[in-house]
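From first to last, the protein sequence lines are chains L and U. For reference, each letter of the first sequence is one residue, going 1 to 428 in my numbering. For reference, each letter of the second sequence is one residue, going 1001 to 1428 in my numbering. Ideal Cβ positions, reconstructed from N, Cα and C, are used throughout, including at glycine. Please read all numbers here as calculations on a predicted model, not as lab measurements.
2 protein chains.
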Amino acid sequence: MKNNLRLETITLGDELLLGLRENSHLTYLGGCLARYGLTMRRNIVIRDDEDEIERAFLDAWNNADILITTGGLGPTVDDITRETIARVLGLNLVHDTSVEEAIRARFAKFERPVTDNNFRQAKVIEGFEALPNSYGTAPGLWFEKDGKRLIMLPGPPMELYPMFERQVLPRLMAEGLIDEKQAYLQLRTCGAGESSLETRLKPLFDSYGNRLSVAYCAHDGMVDVRLSGGSENPLEWSKIQTLGEICQEVIGDDFVTFGDESLAFLLLNHLRGLGKHLAVAESCTGGLLSNAFTDVPGASKVFVGGAVTYNNQAKVEILDVPDVIIQQHGSVSAECAAAMATGAAEKFSADYAISVTGFAGPDGGTPENPVGTVYLGYHSPLGVWSHRLVYPGNRQAVKSRAVYAALDWMRRKLKKYEVEDVLESMTC
Amino acid sequence: MKNNLRLETITLGDELLLGLRENSHLTYLGGCLARYGLTMRRNIVIRDDEDEIERAFLDAWNNADILITTGGLGPTVDDITRETIARVLGLNLVHDTSVEEAIRARFAKFERPVTDNNFRQAKVIEGFEALPNSYGTAPGLWFEKDGKRLIMLPGPPMELYPMFERQVLPRLMAEGLIDEKQAYLQLRTCGAGESSLETRLKPLFDSYGNRLSVAYCAHDGMVDVRLSGGSENPLEWSKIQTLGEICQEVIGDDFVTFGDESLAFLLLNHLRGLGKHLAVAESCTGGLLSNAFTDVPGASKVFVGGAVTYNNQAKVEILDVPDVIIQQHGSVSAECAAAMATGAAEKFSADYAISVTGFAGPDGGTPENPVGTVYLGYHSPLGVWSHRLVYPGNRQAVKSRAVYAALDWMRRKLKKYEVEDVLESMTC
């Protein structure tokens, strides 16, 4: 039943259409809902404009079972979502004294005077239920009619996310509109493109026809393969699991994990199991690799630190890279990458270290190592390796691709040389 | 005329609705078009599904003057945009041998065998013009009918962006559909919220009525105010500029710049003008502050490096933070932040350094310094300061807010103590 439910979202915000901000509402809501078995069917981004809101709202309200709007509930003149939807539905706005009190209390708490425009947020559409906002002044709104649900939520993520998790999700769950367990089997892969993966896996799926549903999702340098029951006589969960294991074998070294854990999480978790510590040394990625590790909650149990050594002097002084290596091979070289990794391990007292050095552009580069050339270094108790890559693209693209490549390369190295080898080599 | 042109976009991709990837197409295209005076009116994200594509395409094609689709042109079975739109328009697909040759050439260049599914990309809708793809196999498509334009572009950013910049933008410009100069005056601010800013500025705008258009856009810890000519008898550009200068005075210390440069760029540029160098020391932000600086092209002329000292030992060994400071005040303290900044300046041989230490959560924190507490440190030739902040929110939110706060605090410090003061203090 859930898979037939049609959930659409309308995101309000000029700044998204002007390219000033990423549409994090879509990413957040889409991810939350998918985990509970409900796939968002479409998302529309429109400006805070009456005509735009009316057209998008009517279209979505006519087609969807659940419609979620985000944004446009705030105090400024361009926040007109509440007023416009009330008008389109032919409903009045009524002043809600409990919301007014919550607004006054919030401003009092932060010892700031309430500007008048804030009280517009105390207007609630008649027949709508106000959802209290613990982190801001604009309440959410919940409305049911003819079996459809309209849920209007504030735009600031710090207000939207807690309201969605604590008030909306539990209610959708209680009403049986979303699932309580994971709805698909996910194989996470790294190293193979979508089309090569599809070519390798397709023969395994062909015999199941409509009994099996397969989706490929590329993101963050990885490709996820999601297996779930199809539209007709859906394949049983146990068979999907068996099929997943066969896929894992076919995917081979490009298989990362079942589930949705990040490469950085898996690496830290692996090292934590070994009781080891990790350090990072970066040049062209400029902090982005350390940032990937420190995005993982609890990273501090394994990740001890990183050095962003952007110029040669920093490489020599902070990481003890021998000056002669830079003189002879340059700072973008296999030799320098290896020395950076070893230096980071020693200076941070870590067992493992990973390093990146390269030309992110737009300037720099040499005939042998043009912009986009990246060397990775890996230091472990078993030895030191380096690896060369060339990525086309702009500065940010080179940075993030180099980070994904470093994480995946370390994963492969750790897999190749298992803990037993390490222990053995240390007792020899 | 351009402001009346209605441009809509359709973004294809299950992974966006599943929350696996940010909709970077929207951010990129919206930003590009806005710079040339054309505001995108709406963006729809849908799945790679025939019915979804048909409904969204018909609605957009009926309403828009220019419709851009992105994604769904690739080789895998779920890439059906080309086939679906051909069917809806009642047009045939024809094999394009020049596209086939380009696909063969690309695979040959990378010495990889062509899988058969790739040749689907050589099918072009009749009457459509193929746009060559320099970075991938799927060509773009361009179509004109009844004064409307349909532009179909590939999804991977590395293919989409160059195709849009080198083929689509110049053509829109040549046809007079977009502008060649900046279309609005932008005041970038930091430190004041949208509603407080509106309250302060509104009295300046009231007398202009519909002659002036004002938009507020909050993003990346900042709020942009955009002034442009209104819908009736638009205000002249020179008057908008004068008004912008008055706004600048009213905004005071919260004013950052005219234009759209980032805080990190402005700081690096300022220090470059002084001939000075910058280092960074971070704990809880874990590399994100260094990353903000190294996202700026040419950062290496000013930014020499950063240390991510995640545990206490790293703070002591890499940054020379005195052990007694950590013993007495803890690593999340004003004293430690100041010592980290000074240590970074000394170890990286930089004139200026900025540091961040705090509890990003979900674990950690003390009764006096709960999760979300952040201390900033600032080292300059004039002295060392520290600053305490408390931010609610999850780990990623604390990290990015701390980075914005650090950048803005350094901006204010640099503004307060100008170069003359520094020179004076050094000759005393």
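- Item | Within chain L, partners of lysine 1347 of chain U - CB distance below 8 Å | For lysine 1347 of chain U, the C-beta contacts it makes with chain L under 8 Å involve Glu317 and Ile318, in order along the chain.
- Taking glycine 37 of chain L as the query, report the chain U residues whose CB atoms sit under 8 Å from its CB, ordered along the chain. Think of a sphere of 8 Å around the beta carbon of glycine 37 of chain L: no beta carbon from chain U falls inside it, the nearest being about 12 Å out.
- Message: Check whether the region 1323-1331 of chain U and the region 307-325 of chain L are in contact - that is, three or more C-beta pairs closer than 8 Å.
- Response: Using a C-beta cut-off of 8 Å, the region 1323-1331 of chain U makes no contact with the region 307-325 of chain L, since fewer than three inter-stretch Cβ pairs fall below that distance.
- Message: I need the DSSP call for phenylalanine 1143 of chain U, collapsed to helix, strand or coil.
- Response: Looking at phenylalanine 1143 of chain U - three-state DSSP - the assignment turns out to be strand.
- Secondary structure at methionine 960 of chain U, three-state DSSP: helix, strand or coil? With chain U running from 1001 to 1428 in the structure shown, residue 960 of chain U is simply not present.
- Cβ-Cβ separation, serine 1283 of chain U to threonine 1309 of chain U (assumed contact under 8 Å), whole Å: Serine 1283 of chain U and threonine 1309 of chain U do touch by the CB rule: their CB atoms are close to 6 Å apart, below 8 Å.
- C-beta neighbour in chain U for alanine 218 of chain L, strict 8 Å: Yes - at least one Cβ of chain U is within 8 Å of the one on alanine 218 of chain L.
- Query: Do you know offhand how far valine 943 of chain U's Cα is from leucine 1414 of chain U's?
  - Reply: Nothing in the structure corresponds to residue 943 of chain U, since chain U is present only between 1001 and 1428.
- May I ask which residues mark the beginning and end of the beta strand (DSSP E) holding valine 1148 of chain U? Here residue 1148 of chain U is lysine; the residue named in the question, valine, does not match the sequence. Note, lysine 1148 of chain U: beta strand (DSSP E), 1148-1153.
- Message: Within 8 Å, do at least three Cβ pairs link the region 1160-1174 of chain U to the region 1030-1039 of chain U?
- Response: Three or more Cβ pairs closer than 8 Å define a contact, and the region 1030-1039 of chain U meets that threshold against the region 1160-1174 of chain U.
- Message: Tell me which residues share the same chain as glycine 127 of chain L and place their Cβ nearer than 7 Å to its Cβ, disregarding the 5 neighbours each side in the sequence.
- Response: Closer than 7 Å at the Cβ level, and outside the excluded window around glycine 127 of chain L, lie Leu91 and Phe143.
- Expressed to the nearest angstrom, what Euclidean distance is found between the alpha-carbon atoms of glutamate 1054 of chain U and glycine 221 of chain L? Taking the straight line joining both Cα atoms gives about 30 Å.
- On the DSSP bridge assignment, give the partners of histidine 1387 of chain U in chain order. Its beta-bridge partners are U:Leu1376.
- Check whether the Cβ of aspartate 1408 of chain U lies closer than 8 Å to any Cβ atom in chain L. With 8 Å as the cut-off, aspartate 1408 of chain U does not count as an interface residue toward chain L.
- Query: Just reading off the beta strand (DSSP E) that threonine 1309 of chain U is part of, what are its end residues?
  - Reply: For threonine 1309 of chain U, the enclosing beta strand (DSSP E) covers residues 1303-1309.
- Message: So, at 8 Å on beta carbons, what are the nonlocal neighbours of asparagine 1133 of chain U in its own chain, with the 5 sequence-adjacent residues on each side left out?
- Response: A distance below 8 Å between beta-carbons, with the five flanking residues on each side excluded, links asparagine 1133 of chain U to the following residues of its chain, in chain order: Ala1102, Pro1139, Gly1140, Pro1154, Glu1159 and Met1163.
- Just confirm the distance between the C-beta atoms of cysteine 32 of chain L and leucine 169 of chain L, as a whole number of angstroms; I'd bet it's less than 8 Å. Beta-carbon to beta-carbon, cysteine 32 of chain L and leucine 169 of chain L are separated by about 7 Å, close enough to satisfy the 8 Å threshold.
- Message: For tyrosine 1208 of chain U and arginine 226 of chain L, I'd like the C-alpha separation in whole angstroms.
- Response: The straight-line gap separating the alpha-carbon atoms of tyrosine 1208 of chain U and arginine 226 of chain L is approximately 56 Å.
- Return the residues of the region 294-310 of chain L that lie within a Cβ-Cβ distance of less than 8 Å from chain B, sorted by chain order. Going by chain labels, chain B is absent from the structure shown, which instead holds the protein chains L and U.
- Item | Beta-carbon contacts of alanine 1066 of chain U that lie in its chain and below 6 Å, excluding the five residues immediately before and after | It is worth fixing the name first, because residue 1066 of chain U is isoleucine in this sequence and not alanine. Cβ neighbours of isoleucine 1066 of chain U beyond the five flanking positions: Leu1007 and Arg1149.
- Query: Quick one: Cα of methionine 1001 of chain U to Cα of leucine 1267 of chain U, how far?
  - Reply: Note that methionine 1001 of chain U scores a pLDDT of 41, beneath 50, so its modelled location is shaky; the value from the coordinates is reported in the next line. The C-alpha of methionine 1001 of chain U lies about 38 Å from the C-alpha of leucine 1267 of chain U.
- How about alanine 1314 of chain U and glycine 305 of chain L: are their beta carbons less than 8 Å apart? Taking the C-beta atoms as reference points, glycine 305 of chain L is found nearer than 8 Å to alanine 1314 of chain U.
- Query: Taking C-alpha atoms, which residue in L:Ile151, L:Val124, L:Ile68 and L:Ala86 lies nearest to valine 94 of chain L?
  - Reply: Taking each of L:Ile151, L:Val124, L:Ile68 and L:Ala86 in turn and checking the Cα distance to valine 94 of chain L, the smallest one comes out for L:Val124.
- Item | Proximity of proline 1075 of chain U and asparagine 1043 of chain U at Cβ, strictly below 8 Å | Cβ atoms of proline 1075 of chain U and asparagine 1043 of chain U: not closer than 8 Å.
- Item | Coil, strand or helix - phenylalanine 1434 of chain U by DSSP | With chain U running from 1001 to 1428 in the structure shown, residue 1434 of chain U is simply not present.
- Query: When Cβ atoms are compared, which residues of the region 1077-1103 of chain U fall closer than 8 Å to chain L?
  - Reply: Of all residues in the region 1077-1103 of chain U, only Val1077 and Asp1078 place a beta-carbon less than 8 Å from a beta-carbon of chain L.
- Query: Quick one: is isoleucine 1010 of chain U buried, meaning 16 or more other Cβ sit within 10 Å of its Cβ, or exposed?
  - Reply: Counting the other CB atoms within 10 Å of its CB gives isoleucine 1010 of chain U a total of 16 or more, which places it among the buried residues.
- Count the other CB atoms, across all protein chains shown, that sit within 10 Å of the CB of lysine 145 of chain L; report buried if there are 16 or more and exposed otherwise. Exposed, since its Cβ has fewer than 16 Cβ neighbours within 10 Å.
- Item | Residue from U:Gly1019, U:Gln1248 and U:Val1316 whose Cα sits closest to the Cα of threonine 1189 of chain U | Per the Cα distances, U:Gln1248.
- Please state if the CB of aspartate 408 of chain L and the CB of glycine 191 of chain L are separated by a distance shorter than 8 Å. The answer is yes: Cβ separation under 8 Å.
- Query: Are there three or more Cβ pairs, one per stretch, closer than 8 Å when the region 1366-1381 of chain U is compared with the region 1288-1308 of chain U?
  - Reply: Note that the region 1366-1381 of chain U does not touch the region 1288-1308 of chain U; fewer than 3 beta-carbon pairs, one per stretch, sit closer than 8 Å.
- Rounded straight-line distance, which links the Cα of asparagine 1311 of chain U to that of glutamate 317 of chain L: If I take the Cα positions, the gap works out to 20 Å.
- Query: At least one CB of chain U closer than 8 Å to the CB of arginine 508 of chain L: is that the case?
  - Reply: The structure shown does not extend to residue 508 of chain L, since chain L is modelled only from 1 to 428, so the question has no answer here.
- Message: For chain L, check one thing: does any of its Cβ atoms lie closer than 8 Å to the Cβ of methionine 1001 of chain U?
- Response: Per-residue confidence for methionine 1001 of chain U stands at a pLDDT of 41, beneath the threshold of 50, marking its modelled position as unreliable; the derived number appears in the next sentence. Output row for methionine 1001 of chain U: interface = no.
- Query: Where does the unbroken beta strand (DSSP E) through lysine 123 of chain L begin, and where does it stop?
  - Reply: Per DSSP, lysine 123 of chain L belongs to the beta strand (DSSP E) from 123-125.
- Have a look at glutamate 453 of chain L and leucine 1382 of chain U and give me their C-alpha separation to the nearest angstrom. Nothing can be reported for residue 453 of chain L, as the shown portion of chain L is limited to 1 through 428.
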